[in-house]
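Numbering (full-length UniProt numbering), first residue to last: 1 to 436.
Ideal Cβ placement from N, Cα and C applies to all residues, glycine included.
All values derive from a computational prediction rather than experimental measurement.
Here's the structure we're looking at; comments come further down.
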Amino acid sequence: MNSSATTFTAYRSSILHFTESPNAQGEGVEYFQDGVLILADGKVHQLGNSQDLLPQVADLGASLVEFPDSLIMPGFIDSHVHYPQVDVIGCFGEQLLDWLNNYTFPAEMRFAQREYADAAAALFLQQLLAGGTTTAMVYCTVHPQSVEAFFTASQALNTCMIAGKVLMDRNAPQALQDTAQSGYEQSQQLIDGWHNQGRQKYVVTPRFAPTSTPEQMRLAGKLLADNPGVYMQTHLSENTAELAWVRDLFPDNKHYLDVYDKFGLLGPTSVFGHGIHLSEEEWQRLADTGSGIAFCPTSNLFLGSGLFDLATARQHGVSVSLATDVGAGTSLCQLVTLNEAYKVAQLRGLALHPYEAFYWLTLGNAKALMLDDTIGNFEAGKTADFIVLNSSSVPLVDYRVQQCKTLWEKLFVMMTLGDDRLIQHTYIAGQQAYSA
Ligand SMILES: [Zn+2]
1 MNSSATTFTA YRSSILHFTE SPNAQGEGVE YFQDGVLILA DGKVHQLGNS
51 QDLLPQVADL GASLVEFPDS LIMPGFIDSH VHYPQVDVIG CFGEQLLDWL
101 NNYTFPAEMR FAQREYADAA AALFLQQLLA GGTTTAMVYC TVHPQSVEAF
151 FTASQALNTC MIAGKVLMDR NAPQALQDTA QSGYEQSQQL IDGWHNQGRQ
201 KYVVTPRFAP TSTPEQMRLA GKLLADNPGV YMQTHLSENT AELAWVRDLF
251 PDNKHYLDVY DKFGLLGPTS VFGHGIHLSE EEWQRLADTG SGIAFCPTSN
301 LFLGSGLFDL ATARQHGVSV SLATDVGAGT SLCQLVTLNE AYKVAQLRGL
351 ALHPYEAFYW LTLGNAKALM LDDTIGNFEA GKTADFIVLN SSSVPLVDYR
401 VQQCKTLWEK LFVMMTLGDD RLIQHTYIAG QQAYSA
């Protein structure tokens, strides 16, 4: 590398990241009370103690930005969120199927208009960044222009986003339906236009089994088979009325997951939202195929869907990522999601350690989405997507943090009492993209 052509920047603060899945003793946790993160052209160059690295900052001619009393971490990752549903957060309305019909489907119809989708995508991405999230796996609507709008806005910010057009050819309002063939063709066009363009990645997105015909699901499987590296996302086993409906629609399948399995939709790049009411056989099949579950605690509580069983997922070795699922989820901020994840896990007999929790939002979710080669921690060469948290921005958090003796106690206060008010700055590939 010709260093004269490289732009170096450095940030001084407390710095936390994870090198592997941590244990309560702190293995896998790397923390610098007075740390320096040096970037080269938006990528991580070096991380260490300020004592060791400040001479090098001077040698490199790097500009130095100091954030006293703050904490730098890798940006959060959200593995399941619907950008068009920012319009329906906090709509009162019973359980999943009523909520879809009464609020969500009418809201998604507006995305037929490109200008509407453009404005919504810009607002959504700004809200993600304000909550500390720098990467997400995103549902658009059935309209290809909703995906064009989203990727165009993400590309302009240089954020790493995984998004896809919803496939839905039955059991939904006519205005929100494609056909098996048009959904297939539009998806392939979007893959050709956007997958691996800059930091954008495509995800084949059948909404869930009830809203796709067998032919549409077969073609979704074909899209995956024809386009290696493209992701798949859908919903699975969220609500008991939904389970009964799936049994009626697919009487020949042995369980809900089997519907997706028969069409070739399982695998390491597949992320199933929820997975609350799974049988032993389904857990095993998820594990055997390397398929992942997105755990969406605020959504599961809001819609009364049930309590995700994290302990059982771990026993089976199933990859679980953590997600907001806005608009049924009630916050785009992953700190709030952690707060609720902790409580749901408690009710299922598992206490989530704060090291595990923050690992989850960063390197854990990066691994679950197979993005850990480029993001998730501050290993040299990774893209510098990071956030600056400041607990003094919320008086009660500040008061409690000052009483804590250990790092993990402070982190636990931040995930229990914290929200987007803690996020001071969000950087994308070394560029400031949000400031409070
Ligand atoms: Zn969802």
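Euclidean distance between Cα positions of residue 261 and residue 8: 48 Å
Sorted by chain position, which residues of the same chain lie with C-beta nearer than 6 Å to residue 3's C-beta, five sequence neighbours on each side aside? Per-residue confidence for residue 3 stands at a pLDDT of 48, beneath the threshold of 50, marking its modelled position as unreliable; the derived number appears in the next sentence. Cβ neighbours of residue 3 beyond the five flanking positions: none.
Extent of the continuous beta strand (DSSP E) to which residue 383 belongs: Per DSSP, residue 383 belongs to no beta strand (DSSP E) and is neither H nor E.
Taking a cut-off of 6 Å, which residues have a beta-carbon closer than that to any heavy atom of ligand 1, in chain order? 80, 82, 235, 273 and 325
Residue 1 (DSSP reduced to helix, strand or coil): Note that residue 1 has pLDDT 48, beneath the 50 cutoff, so the model's placement of it is unreliable and the number below is only indicative. DSSP places residue 1 in coil when its eight states are reduced to three.
Counting only the same chain and skipping the five closest in sequence on each side, list residues whose C-beta sits under 6 Å from that of residue 1. The predicted model places residue 1 with a pLDDT of 48, which falls under 50 and marks its position as unreliable, so this point remains unresolved.
Inside the segment 279 to 365 only - alpha helix (DSSP H) runs reaching at least 4 residues: 280 to 289, 297 to 302, 310 to 316, 334 to 347 and 354 to 359
Spatial neighbours of residue 47 within its chain, please: C-beta separation below 6 Å, excluding the five flanking residues on both sides. 37 and 378
Below 7 Å CB to CB, which residues in the same chain sit around residue 489 once its five sequence neighbours on both sides are set aside? In the structure displayed, the chain extends from 1 to 436; residue 489 sits before or after that span and is not available.
Whole angstroms is fine: what's the gap from residue 282's alpha carbon to residue 356's? 25 Å
Going straight from the alpha carbon of residue 333 to that of residue 184, what length do you get? 33 Å
When we look at the beta-carbon of residue 85 and count the other beta-carbons within 10 Å, is it buried (16 or more) or exposed? buried
Ordered along the chain, which non-local residues of its own chain (more than five positions away) have a Cβ less than 7 Å from that of residue 188? 223
Euclidean distance between Cα positions of residue 99 and residue 217: 24 Å
Hey, residue 341 and residue 299: beta-carbon distance below 8 Å or not? no
Does the count of Cβ pairs from the segment 112 to 127 and the segment 51 to 65 closer than 8 Å reach three? no
Quick check: what's the CA-CA separation for residue 430 versus residue 170? 44 Å
Report the option in 279, 411 and 419 whose CA atom is closest to the CA atom of residue 14. 411
Is the beta carbon of residue 134 sitting closer than 8 Å to the one on residue 76? yes
So who's on the other strand from residue 135, going by DSSP bridges? 77 and 160
Where does residue 237 sit, in a helix, a strand or coil, going by DSSP? coil
Between the beta-carbon of residue 294 and the beta-carbon of residue 321, is there less than 8 Å? yes
Per DSSP, what are the beta-bridge partners of residue 27 in this structure? DSSP lists no partner for residue 27.
My output table needs one value for residue 411: the three-state DSSP class, helix, strand or coil. helix
At the level of alpha carbons, what is the spacing between residue 204 and residue 118? 21 Å
Could you check how far apart the C-beta atoms of residue 289 and residue 267 are, in whole angstroms? I think they sit under 8 Å. 6 Å
If you measure between the beta carbons of residue 366 and residue 376, is that distance less than 8 Å? yes
Please list the segments of the beta strand (DSSP E) lying wholly inside the segment 236 to 274, counting only runs of 3 or more residues, in order along the chain. 270 to 274
Once the 5 residues before and after residue 305 are set aside, which same chain residues still bring their CB inside 6 Å of it? 238, 239 and 276
Cα-Cα separation, residue 422 to residue 50: 24 Å
How many whole angstroms separate the CB atoms of residue 284 and residue 255, which I take to be in contact at a CB cut-off of 8 Å? Contact flag wrong, Cβ pair sits at about 11 Å.
If you measure from the beta carbon of residue 368 to each beta carbon in chain E, is any gap under 8 Å? Included in the structure is just one protein chain, with no chain E present.
Can you tell me where the alpha helix (DSSP H) holding residue 401 begins and where it ends? 395 to 403
In whole angstroms, what is the alpha-carbon distance linking residue 144 and residue 153? 14 Å
Determine whether the beta carbon atoms of residue 271 and residue 79 lie at a separation below 8 Å. yes
Beta carbon of residue 363 nearer than 8 Å to that of residue 415: no
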